[in-house]
Each structure stands twice: as structure tokens, then as C-alpha cells.
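S.K.: One structure follows; several queries about it will come next.
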Amino acid sequence: MDILGDRKYVELPGDTVVELPPLLVQELCPERSMGKVMDLAAKVVENEDLVPVHALDGVASESEIERRRFEMAINLVETYRDVRRHWAWGASVLEWIRQCETTFESRPDLRNLLRPDVWPHAGRSSFVTLLGDKSIQTGGIDLVRAVGLRLIYRHLPPLSAFSDQFLFYLSPKLAGTAYETWSSMSPAPVSSLPPERFHLQVVQM
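If you use numbering that gives the first Met the number 0, the sequence shown corresponds to residues 0 to 204, in order.
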């Protein structure tokens, strides 16, 4: 077992580089037209009373109130799009991990690395850590949050199903909690996979 700082790495026999399955990042189907998405966001703004008219009565004009509602709707749409992008990456990463597990299981030199009764051993979260160690280009996607969102939702709900509190405040925290719970399912301590011993390609679909 190799140790670097506070990180422990599993030992692979030999010195060859292991070719992992490609990470196929699936893009979600295109959203509805911008007008329909904005209509959904506007309904959320109205239903959640995000721009309280009674508080602005006599303070802001009707046009000012409508402008604030429009800006809030835009913020909701952009935030939801960010959730969609993270969820799509999370779905792709979890499928890639499943394929990596199949690859490890099929190879005698790798099979024991994922066995919880063997020390040191790796876990499913080790593959997420490996992606970070390989510095793959994610376009600003937080992989922990992405996987956490996919763990919460098998199918991502539409914008109208989310509250503003979830989109603006709760989504990152809940996704982080889901990821931590998922990663802790592997018996501790979980070691990392040495990035120099693995190679993979990221393919945008």
C-alpha cells in the first residue's frame, strides 16, 4: 500500500496501465421551448410568493414588480439547468462505475481490489476520486454533487416539481449528504486508485 499525505492507495501488481471503459457523458434531451420553461418558472415564482406583492404595494410600480418576477424566473431557470447538467453527469458517472466494477471483476489482477474483506481495498467512491485525480474536464461540474443528485433522483423531476428553497439552497447540501451516505457503504478504510496506473477517455454523447 502506498501512502501520500493522508491518502492511501491500493497496490496494483506489475507496472502496466489499466485501460478503463470510456466515461460516456449522456446529454439530457433538450428542454421545452424557452417560453414554456419560463412559464413554469413564473408559476413557481407566483405559487411560492417569491415577489410578495403586498410587501411592495405602494413601494414599487406594477412594472417594477413584473420585472422582479421576470428576473426571479430567469434565476430559477438557470439554477434548474445547472441541476439538470449535474444530474446528467451523475447518471453517466454511476453507469461508468458499474462498467468499471465489471472490468475489475473480470480480471484476476484487479478483482481483489474491490473486496471489502481485503485490506487495503477500494470502493465505489474511489472511482469518483480517480476522476478528480485524473483532472478530467467537466465544464464546471462538481462530481460529488452530480453523483449525489443522481442517487436522490432516478429520473429528474421537471422544474415545476421543485421549490425555490430546494433549487437555491437545499440541492447542494442534500446531494452532498446522499454522496457521503453512499460512499460510506463501503467498509472503511477505503483506499484510492493510483491515477498513474489507469487510463480512460471522456466522451460527450
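Built from N, CA and C at the ideal position, the CB exists for glycine as well. Computed from a predicted structure; not experimentally measured.
Below 8 Å on the Cβ atoms is my guess for residue 103 versus residue 112; work out the distance and round it to an integer in Å.
M.R.: About 6 Å; that satisfies the 8 Å criterion.
S.K.: Given residue 175, which residues of its chain have a CB within under 8 Å of its CB, disregarding the five upstream and five downstream residues?
M.R.: Within the same chain, residue 175 has close Cβ partners 143, 144 and 147.
S.K.: Should residue 8 and residue 183 be called a contact, given that it needs their Cβ atoms to be closer than 9 Å?
M.R.: Taking 9 Å as the Cβ cut-off, residue 8 and residue 183 do not qualify as a contacting pair.
S.K.: Between the stretch 67-81 and the stretch 113-126, do three or more beta carbon pairs fall short of 8 Å?
M.R.: The stretch 67-81 is not in contact with the stretch 113-126.
S.K.: Please classify residue 7: does DSSP put it in a helix, a strand, or coil?
M.R.: Three-state DSSP puts residue 7 in a strand.
S.K.: Near residue 54, which residues of its chain fall below 8 Å by C-beta distance, leaving aside the five closest residues on each side in sequence?
M.R.: With a pLDDT of 45 at residue 54, under the threshold of 50, the modelled position of this residue cannot be trusted, and the question is left open.
S.K.: With a 10 Å radius around its C-beta and 16 neighbouring C-beta atoms as the bar for buried, classify residue 85 as buried or exposed.
M.R.: Buried: at least 16 other Cβ atoms inside 10 Å.
S.K.: Residue 191 bridges to which residues according to DSSP?
M.R.: In DSSP, residue 191 forms a bridge with 8.
S.K.: Please report the straight-line C-alpha distance between residue 17 and residue 171, rounded to a whole angstrom.
M.R.: Answer to the nearest angstrom: the Cα atoms are 33 Å apart.
S.K.: Distance check for residue 128 and residue 22, CA to CA, integer angstroms please.
M.R.: When rounded, the distance between both Cα atoms is 14 Å.
S.K.: Applying the criterion that 16 or more other CB atoms from any shown protein chain within 10 Å of the CB defines a buried residue, is residue 97 buried or exposed?
M.R.: Exposed, by the Cβ-count rule.
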